[in-house]
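This report concerns only the one structure given below.
In this note's numbering, the protein residues as written are 973 to 1195.
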């Protein structure tokens, strides 16, 4: 079996699900598909309106999943009106890490922590490169891979897969077995990564409902 994970690096519920992704990787292959929630026309500068919109949502994610959100995020990044939220650069970094070393999901987890805990600007290439080097990726090789990836094509393919699966937003998880896809609702497993891994380790986990309130939409997160 393969677990397909449709994510966005700026999706709060994807950050909430990050421990599940790491636990799943110990059980079966996990393939990540970046969705471009805040790419292109949906990228935006940080503003007071954006902060007021996302903060209650993020506090709910923290309460529901146990994932930490830092003061540097709430009182630093979300007050920095020169910062831009753009999904494309971090997705490119994840693709580059995966292609050069099979470490895309590892880098994604580091980017999420940098964003939500440390308040870092993960749409800035200098920050992305620093974080990639920090997990041990060779600088010259990483920069070459980063500049070579076709992020737009990847996002388009991810959106096509999301539509094929009938997913409504991010994160969307689906198990592939013998060419058949089964959507799974991660709601019951949030905050319980070891239970999720144990469930996945069954020979064929029972199908669960595909409907979940714990996700972000295609163009942003809603409360």
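Ideal placement from N, C-alpha and C gives every residue a C-beta, glycine not left out.
In this text, all values refer to a predicted model and were calculated from it rather than measured experimentally.
Of the residues assessed, residue 1105 falls on the exposed side of the cut-off, its CB having fewer than 16 other CB atoms within 10 angstroms. Per DSSP, residue 1142 lies in no beta strand (DSSP E) and is assigned neither H nor E. For residue 993 against residue 1064, the beta-carbon gap comes to about 19 angstroms, at or over 8 angstroms, which does not count as contact. In this structure, residue 1072 sits near residue 1114, with a CB-CB distance shorter than 8 angstroms. By the neighbour-count criterion, in which a residue is buried when 16 or more other Cβ atoms sit within 10 angstroms of its Cβ, residue 990 is buried. Counting C-beta pairs with one atom in each stretch, the stretch 1044 to 1059 and the stretch 1015 to 1026 have three or more that are closer than 8 angstroms, which means they touch. Residue 1002 sits close to residue 996, with the two beta carbons spaced by under 8 angstroms. Taking the C-beta atoms as reference points, residue 1083 is found nearer than 8 angstroms to residue 1103. Taken atom to atom, the span from the alpha-carbon of residue 1032 to that of residue 1134 is near 25 angstroms. Between residue 1147 and residue 1156 the beta-carbon gap is near 6 angstroms, inside 8 angstroms, which marks them as a contact. Beta-bridge annotation (DSSP): residue 1006 is paired with 979.
Counted as a single uninterrupted DSSP element, the alpha helix (DSSP H) harbouring residue 1084 occupies residues 1076 to 1088. It is roughly 25 angstroms from the alpha-carbon of residue 1010 to the alpha-carbon of residue 1107. With a contact defined as Cβ atoms closer than 8 angstroms, residue 983 and residue 1142 qualify at about 4 angstroms. Under DSSP, residue 1149 forms a beta bridge with 1152. Per DSSP, the continuous alpha helix (DSSP H) segment holding residue 1130 begins and ends at 1123 to 1137. Apart from the 5 residues on each side of it in sequence, residue 1093 sits with its Cβ closer than 6 angstroms to the Cβ of 1055 and 1099 in its chain, given in chain order.
Cβ-Cβ distances below 8 angstroms link residue 1081 to 990, 993 and 994 in the same chain, with the five nearest sequence neighbours on each side left out; the list follows chain order.
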